[in-house]
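Trainee:
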Amino acid sequence: MSGGTKSKAKGNPEKQGKDCNRTETDSMQERVEDGEQETTDSLRAGLNSISKQIGEFRSELKVELGTFKDELKTQMKHELEEFKEDINQKIALTTQEIKEQNAKVETTLSRVEEMECWSSETDGLLQEFIQEHKKMIDKLTDLESRSRRNNLRIFGVPEDEEKGSVTQFVEELMRRELGIDADCQIQRAHRALAPKPKADQPPRAIVMNFLQYSTKEMVLSKAWSKKIITIGERRIFFDHDYPSAVVQQRKSYVKAKKILKEAGIRFQTPFTKMRVHWNNGVKTYNDAKEVEKDLCDRGYKVADSGEAEGTITLLERLEARKSSAWQRVTKERREEASRRVRKRLEDFRRKNAVNL
Numbered sequence: 109m110s111g112g113t114k115s116k117a118k119g120n121p122e123k124q125g126k127d128c129n130r131t132e133t134d135s136m137q138e139r140v141e142d143g144e145q146e147t148t149d150s151l152r153a154g155l156n157s158i159s160k161q162i163g164e165f166r167s168e169l170k171v172e173l174g175t176f177k178d179e180l181k182t183q184m185k186h187e188l189e190e191f192k193e194d195i196n197q198k199i200a201l202t203t204q205e206i207k208e209q210n211a212k213v214e215t216t217l218s219r220v221e222e223m224e225c226w227s228s229e230t231d232g233l234l235q236e237f238i239q240e241h242k243k244m245i246d247k248l249t250d251l252e253s254r255s256r257r258n259n260l261r262i263f264g265v266p267e268d269e270e271k272g273s274v275t276q277f278v279e280e281l282m283r284r285e286l287g288i289d290a291d292c293q294i295q296r297a298h299r300a301l302a303p304k305p306k307a308d309q310p311p312r313a314i315v316m317n318f319l320q321y322s323t324k325e326m327v328l329s330k331a332w333s334k335k336i337i338t339i340g341e342r343r344i345f346f347d348h349d350y351p352s353a354v355v356q357q358r359k360s361y362v363k364a365k366k367i368l369k370e371a372g373i374r375f376q377t378p379f380t381k382m383r384v385h386w387n388n389g390v391k392t393y394n395d396a397k398e399v400e401k402d403l404c405d406r407g408y409k410v411a412d413s414g415e416a417e418g419t420i421t422l423l424e425r426l427e428a429r430k431s432s433a434w435q436r437v438t439k440e441r442r443e444e445a446s447r448r449v450r451k452r453l454e455d456f457r458r459k460n461a462v463n464l
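With the working numbering applied, the sequence shown covers 109 to 464.
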């Protein structure tokens with residue numbers, strides 16, 4: 109049997125070759141499968157190693173993040189506590205300063221109230237004194253005017269024209285120019301008590317004192333009636349002997365006089381007043397401002413005097429202060445101010461407490 113089989117195998121070489129090829133293929137396939145299995149195992153081992161490392165890294169990172177978080181919380185808490193303590197110290201310091209300022213404000217308001225009270229009382233007394241002073245000045249001016257009632261002044265007489273006795277000069281002047289031969293009973297006559305002027309300056313007036321007031325009025329009436337009286341080529345004027353205060357007040361009418369003369373309107377200046385004869389009647393003014401205002405209202409152009417507001421009298425300024433809208437600090441206003449300060453302080457404390 110075996111001999112027969114061998115003979116058969118030897119007798120079929122093709123079949124024998126196919127069997128050999130199949131064996132080699134199977135061997136190669138097994139090797140490939142073994143290689144793939146090794147690669148898969150290697151990859152699985154690598155992935156397991158990476159996964160393990162990632163897990164370890166996550167654990168370490170978690171621990172480190174937890175540690176960092178705890179440290180950060182501790183540090184922030186410490187810093188916040190320091191900040192809060194610093195803020196509280198500053199608030200306490202600010203509160204103390206506000207209390208001190210509040211005390212100073214109350215003291216200041218109290219002193220201001222005292223000063224205002226004193227100032228108000230002083231203003232009232234000062235107004236009374238000024239009014240009394242004005243009354244006394246008016247009385248003195250009236251007394252001086254009465255003491256000068258018998259006096260008469262001659263303006264424009266050249267210096268040294270009298271050449272000796274002034275009394276004899278004026279008596280001769282009145283006889284020559286006014287035709288008065290009777291004894292005028294001149295008690296005194298002299299130049300105005302002022303330094304002798306220079307040649308290019310106006311001469312001093314001559315002052316005469318009559319025994320009788322009626323004589324002085326008679327001489328003055330004759331002089332005004334004649335209107336133009338001259339010494340040589342120089343015109344002279346006769347007038348009352350007014351006190352200096354009255355003279356200044358009469359000088360203030362100069363602008364009004366010029367306007368009225370140019371307009372051909374009759375006017376008079378009795379003592380310190382001015383009487384104007386308008387077409388609709390006679391009107392008397394007490395001062396120059398009143399005249400100038402009426403002239404402006406009537407359409408006349410009055411030049412600006414250029415007087416500054418500072419020329420207002422002290423009495424007028426004090427009276428203006430009375431009508432001022434400014435109010436004095438009273439006890440009620442002082443308490444109200446203190447309440448406002450305390451309220452703002454409480455609001456400030458409350459606001460900071462909410463923020464903290």
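The beta-carbon is built from N, C-alpha and C at its ideal position, and this holds for glycine as well.
1. Taking buried to mean at least 16 other C-beta atoms within 10 Å of its own C-beta, is methionine 282 buried or exposed?
2. What is the residue span of the alpha helix (DSSP H) that tyrosine 321 lies within?
3. Hey, out of Arg406, Val220, Pro266, whose CA is closest to proline 305's CA?
4. Pairing CB atoms from the region 255-275 with CB atoms from the region 292-299, are three or more of them under 8 angstroms?
5. Just the Cα atoms here: how many angstroms apart are glutamate 193 and threonine 216?
6. What residues match up with methionine 316 in a beta bridge as DSSP calls it?
7. Specify the secondary structure class of aspartate 347 as computed by DSSP and reduced to three states.
8. In the DSSP assignment, find the alpha helix (DSSP H) that holds threonine 275 and state where it starts and stops.
9. By how many angstroms is the C-alpha of serine 167 removed from the C-alpha of threonine 175?
10. With three or more C-beta pairs closer than 8 angstroms as the rule, is the region 226-239 touching the region 326-341?
11. With a cut-off of 8 angstroms, do at least 3 Cβ pairs link the region 208-225 to the region 311-329?
12. Classify glutamate 415: buried if its beta carbon has 16 or more other beta carbons within 10 angstroms, exposed otherwise.
13. Which first and last residues belong to the beta strand (DSSP E) in which lysine 359 is found?
14. First and last residue of the alpha helix (DSSP H) that includes isoleucine 288?
15. Within 10 angstroms of its Cβ, does glutamate 454 collect 16 or more other Cβ (buried), or is it exposed?
16. What do you get for aspartate 405, buried or exposed, if any count of 16 or more other CB atoms within 10 angstroms of its CB means buried?
17. Contact defined as beta carbons within less than 8 angstroms: I believe isoleucine 367 pairs with tyrosine 393. What is the distance between those atoms, to the nearest angstrom?
18. Can you tell me whether DSSP reads phenylalanine 375 as helix, strand or coil?
19. Do glutamate 400 and alanine 353 come within 8 angstroms of each other at the CB atom, strictly closer than that value?
20. In terms of alpha-carbon separation, which member of Gln145, Ser218, Leu248 lies closest to proline 351?
21. Taking C-beta to C-beta, are methionine 316 and isoleucine 288 nearer than 8 angstroms?
22. So, helix, strand or coil for glycine 389, using DSSP?
23. Is it true that the CB of leucine 260 sits closer than 8 angstroms to the CB of aspartate 395?
24. Nearest-angstrom Cα distance between arginine 458 and arginine 219?
25. In the DSSP assignment, find the beta strand (DSSP E) that holds threonine 338 and state where it starts and stops.
26. Under 8 angstroms Cβ to Cβ from alanine 433, same chain only, skipping five residues before and after it: list those, please.
27. For asparagine 387, does the count of other Cβ atoms within 10 angstroms reach 16, so buried, or fall short, so exposed?
28. Does the separation of the CB atoms of phenylalanine 345 and phenylalanine 263 fall below 8 angstroms?
29. Between which two residues does the alpha helix (DSSP H) harbouring aspartate 402 extend?
30. Going by C-alpha distance, which of Glu370, Leu286, Gln320, Ser227 is nearest lysine 465?
Mentor: On the basis of the supplied data:
1. In the sequence shown, the residue the question calls residue 282 occupies position 174. Counting Cβ neighbours within 10 Å, methionine 282 comes out buried, since at least 16 surround it.
2. Position 213 of the sequence shown, counted from the first residue, corresponds to residue 321. Run containing tyrosine 321: 321-334, per the alpha helix (DSSP H) assignment.
3. Taking the first residue of the sequence shown as position 1, residue 305 is located at position 197. For proline 305, the nearest C-alpha among the options comes from Pro266.
4. yes
5. Here residue 193 corresponds to residue number 85 of the sequence shown, with the count starting at 1. Here residue 216 corresponds to residue number 108 of the sequence shown, with the count starting at 1. Using only the alpha carbons, I get a separation of about 34 angstroms.
6. Counting from one through the sequence shown, the residue named residue 316 turns up at place 208. BP columns for methionine 316 point to Leu260, Ala297.
7. Position 239 of the sequence shown, counted from the start, is the residue given in the question as residue 347. Secondary structure of aspartate 347 (DSSP, three-state): strand.
8. Here residue 275 corresponds to residue number 167 of the sequence shown, with the count starting at 1. That run of the alpha helix (DSSP H) goes 274-281.
9. As a working note, residue 175 is residue 67 in the sequence shown. As a working note, residue 167 is residue 59 in the sequence shown. Taken atom to atom, the span from the alpha-carbon of threonine 175 to that of serine 167 is near 12 angstroms.
10. In short, these stretches do not touch, since the Cβ pair count stays below three.
11. no
12. Within the sequence shown, the letter at position 307 stands for residue 415. Any reading at glutamate 415 is ruled out, since the residue's pLDDT is 49, under 50, leaving its predicted position unreliable.
13. Start at 1 with the first residue of the sequence shown, and residue 359 comes out as number 251. No beta strand (DSSP E) holds lysine 359; the alpha helix (DSSP H) holding it covers 352-359.
14. As a first step, residue 288 must be located in the sequence shown, where it is residue number 180. Run containing isoleucine 288: none; DSSP gives neither H nor E here.
15. Working through the sequence shown from its first residue, we reach residue 454 at position 346. When all chains shown are included, glutamate 454 counts as exposed.
16. For the purposes of this step, residue 405 is taken as residue 297 along the sequence shown, with counting starting at 1. With fewer than 16 other Cβ atoms within 10 Å, it is exposed.
17. Working through the sequence shown from its first residue, we reach residue 367 at position 259. Working through the sequence shown from its first residue, we reach residue 393 at position 285. Going by Cβ atoms, the distance from isoleucine 367 to tyrosine 393 rounds to 13 angstroms, so no, they are not a contact pair.
18. Taking the first residue of the sequence shown as position 1, residue 375 is located at position 267. Strand, per DSSP.
19. Walking along the sequence shown from the start, residue 353 turns up at place 245. Walking along the sequence shown from the start, residue 400 turns up at place 292. Not in contact: alanine 353 and glutamate 400 (Cβ atoms no closer than 8 angstroms).
20. Position 243 of the sequence shown, counting from 1, holds the residue named residue 351. For proline 351, the nearest C-alpha among the options comes from Leu248.
21. Your numbering for residue 316 matches position 208 in the sequence shown. Your numbering for residue 288 matches position 180 in the sequence shown. For methionine 316 and isoleucine 288, no; Cβs fall outside 8 angstroms.
22. In the sequence shown, residue 389 corresponds to position 281, counting from 1. If DSSP states are grouped into helix, strand and coil, glycine 389 belongs with the strands.
23. As a first step, residue 395 must be located in the sequence shown, where it is residue number 287. As a first step, residue 260 must be located in the sequence shown, where it is residue number 152. The answer is no: Cβ separation not under 8 angstroms.
24. As a working note, residue 458 is residue 350 in the sequence shown. As a working note, residue 219 is residue 111 in the sequence shown. C-alpha separation (whole angstroms): 32 angstroms.
25. Translated into the one-based positions of the sequence shown, residue 338 becomes position 230. Element bounds for threonine 338: 337-339.
26. In the sequence shown, residue 433 corresponds to position 325, counting from 1. Residue placement at alanine 433 is flagged as unreliable, the pLDDT there being 47, under the threshold of 50; the coordinate-derived value follows with that caveat. If we look at alanine 433 and ignore the five residues flanking it on each side, it has no Cβ neighbours.
27. Locating residue 387 in the sequence shown gives position 279, where the first residue counts as 1. Exposed is the call here.
28. In the sequence shown, the residue the question calls residue 345 occupies position 237. In the sequence shown, the residue the question calls residue 263 occupies position 155. For phenylalanine 345 and phenylalanine 263, yes; Cβs fall inside 8 angstroms.
29. In the sequence shown, the residue the question calls residue 402 occupies position 294. Here the alpha helix (DSSP H) through aspartate 402 covers 396-405.
30. A question about residue 465 goes unanswered here, because the residues of the chain that appear run from 109 up to 464.
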